[in-house]
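**Student:** Quick one: the structure is below, and I'll ask about it shortly.
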Amino acid sequence: MVITFDKPPLVEVALGRVFLQRQDLLVPHFGSFWEQVRGAFPKVAHAAPIAQATDAVVVADEGYWLPRIWLSTLDDVFLIQLQQDRFHVNWRKTSANPEYVRFPAVLEKHHELWAKFDAFVTQVTGAPLQPVMNEMVYTNHIGEEGADLFGLSQGALRDCVWSGGTRFLPQPKAIAHSYSFDIPNGIGELTAAITSGKRTADGAAVLKVDMQVRGRVSDEANQDFDTWAVAARNFLVASFKDMTTKKMHEKWELRNVK
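Counting in the numbering used here, the sequence shown runs from 0 upward without gaps.
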């Protein structure tokens, strides 16, 4: 049984691969790859690199950080992220395109663009990419009309409770906590990070829930990315359901698919 939500609070989905750092993969190469996909991804930007504790992104001889490159569709719905040890494809909710395109479409887009990027790198450097980690991130923004922060958190999250009554401390002004779980069958690890914020448009309370799955490619279950991604997605969504309340499930139109 596969769990899905017809109206999820999703604002972003990212599928990515971490590969062995390639110091021979330079910014001009990213520009050449952009020329191959520029028709579909005409917008370009720099971003700070995503650094791993065990993976250096610094060029040893020069000592500076190479940028992360963003290539975006004209409507900002799809994003490619490139750096010397990473490749990610993101779907993003926008005001003009608020509907989630659904997971199979994001996976297909990742599959297509990764194949193109890997072939490009092999052609220009003479060596293919060597993935070491698979990654998936679902970012949810949970809001409820008229709810304050703790009314929202207690109404939406099963495990977020602030005991009332007479006490020294007032209610916290912000929420920030996380959980980590091992996923069965060697799929990897799930991290759920919950933080509070305010909606830009009207200042209403919002809970940001980032659900991330990471799995090492060295584990047998994770060597085929598409197979891993489907299993990771199913566990992630089932976990999100487990962490949230029935009231929210009704709002997001939970259903089970055989």
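Just so it is clear, CB atoms sit at the ideal spot from N, CA and C, and this is done for glycine as well. Please read these numbers as outputs of a predicted model, since none were measured by experiment.
Between which two residues does the alpha helix (DSSP H) containing residue 239 stretch?
**Tutor:** Residues 224-242.
**Student:** Is the Cβ-Cβ distance between residue 136 and residue 82 less than 7 Å?
**Tutor:** No, the pair does not count as a contact, with Cβ atoms beyond the cut-off.
**Student:** For residue 241, is the classification buried or exposed, using 16 other Cβ atoms within 10 angstroms of its Cβ as the cut-off for buried?
**Tutor:** By the 10 Å Cβ count, residue 241 comes out exposed.
**Student:** What are the boundary residues of the alpha helix (DSSP H) that includes residue 153?
**Tutor:** That run of the alpha helix (DSSP H) goes 148-155.
**Student:** Should residue 163 and residue 186 be called a contact, given that it needs their Cβ atoms to be closer than 7 Å?
**Tutor:** In this structure, residue 186 does not lie closer than 7 Å to residue 163 by Cβ.
**Student:** If contact is defined by three or more beta carbon pairs under 8 Å, each pair taking one atom from either stretch, is the stretch 99-111 in contact with the stretch 120-130?
**Tutor:** Short answer: they don't touch.
**Student:** Is it buried or exposed for residue 180, if we count other Cβ within 10 angstroms and need 16 for buried?
**Tutor:** Exposed.
**Student:** Rounding to the nearest angstrom, what Cα-Cα distance links residue 153 and residue 237 in this structure?
**Tutor:** Roughly 20 Å separates the two Cα atoms.
**Student:** Using only alpha-carbon positions, find the residue among 95, 111, 234 that is nearest to residue 88.
**Tutor:** Checked all of 95, 111, 234; the closest Cα to residue 88 is 111.
**Student:** Given residue 176, which residues of its chain have a CB within under 7 Å of its CB, disregarding the five upstream and five downstream residues?
**Tutor:** These residues qualify, in order along the chain: 193.
**Student:** Within 10 angstroms of the Cβ of residue 167, are there 16 or more other Cβ atoms? Answer buried if so, exposed if not.
**Tutor:** Answer is exposed; the Cβ neighbour count stays below 16.
**Student:** Measure the CB-CB distance between residue 6 and residue 252 and report whether it falls below 7 Å.
**Tutor:** Cβ distance < 7 Å, so residue 6 and residue 252 count as in contact.
**Student:** Runs of 3 residues minimum, wholly inside the stretch 80-142: which ones carry the beta strand (DSSP E) assignment?
**Tutor:** Whole beta strand (DSSP E) segments, 3+ residues: 85-91, 130-141.
**Student:** Who are the near neighbours of residue 203 in its chain, counting only those whose CB is closer than 7 Å to its CB and skipping five residues on each side?
**Tutor:** Only 142, 197 meet the Cβ criterion.
**Student:** Find out if the Cβ-Cβ distance for the pair residue 9, residue 139 is shorter than 7 Å.
**Tutor:** Cβ distance < 7 Å, so residue 9 and residue 139 count as in contact.
**Student:** Going by beta carbon distance, what residues of the same chain come within less than 8 Å of residue 233, once the five residues before and after it are set aside?
**Tutor:** So the qualifying residues of the chain are 1, 2.
**Student:** Can you give the Cα-Cα distance for residue 57 and residue 21, rounded to whole angstroms?
**Tutor:** Bear in mind that the predicted position of residue 57 carries a pLDDT of just 41, short of 50, making it unreliable; the figure below should be weighed with that in mind. Looking at the two C-alpha atoms, the distance is approximately 11 Å.
**Student:** For residue 184, count neighbouring Cβ atoms within 10 angstroms of its own Cβ and tell me buried if that reaches 16, exposed if not.
**Tutor:** Residue 184 comes out exposed.
**Student:** Can you have a look at residue 223 and say buried or exposed, based on whether 16 or more other CB atoms are within 10 angstroms of its CB?
**Tutor:** Counting Cβ neighbours within 10 Å, residue 223 comes out exposed, since fewer than 16 surround it.
**Student:** Compute the Euclidean distance between the alpha carbons of residue 254 and residue 248, then round it to the nearest angstrom.
**Tutor:** Residue 254 and residue 248: Cα-Cα distance of roughly 9 Å.
**Student:** When we look at the beta-carbon of residue 85 and count the other beta-carbons within 10 Å, is it buried (16 or more) or exposed?
**Tutor:** Residue 85 should be labelled buried.
**Student:** Buried or exposed: which applies to residue 107, given that a residue is buried once 16 or more other Cβ atoms fall within 10 Å of its Cβ?
**Tutor:** Its Cβ having fewer than 16 others within 10 Å, residue 107 is exposed.
**Student:** Just to confirm the assignment, what range does the beta strand (DSSP E) spanning residue 211 have?
**Tutor:** Run containing residue 211: 204-215, per the beta strand (DSSP E) assignment.
**Student:** Comparing C-alpha positions only, which one of 256, 128, 191 sits nearest to residue 156?
**Tutor:** When only C-alpha atoms are compared, the closest one is 191.
**Student:** Compare the beta carbon distance of residue 33 and residue 70 with 7 Å and say whether it is the shorter of the two.
**Tutor:** Yes.
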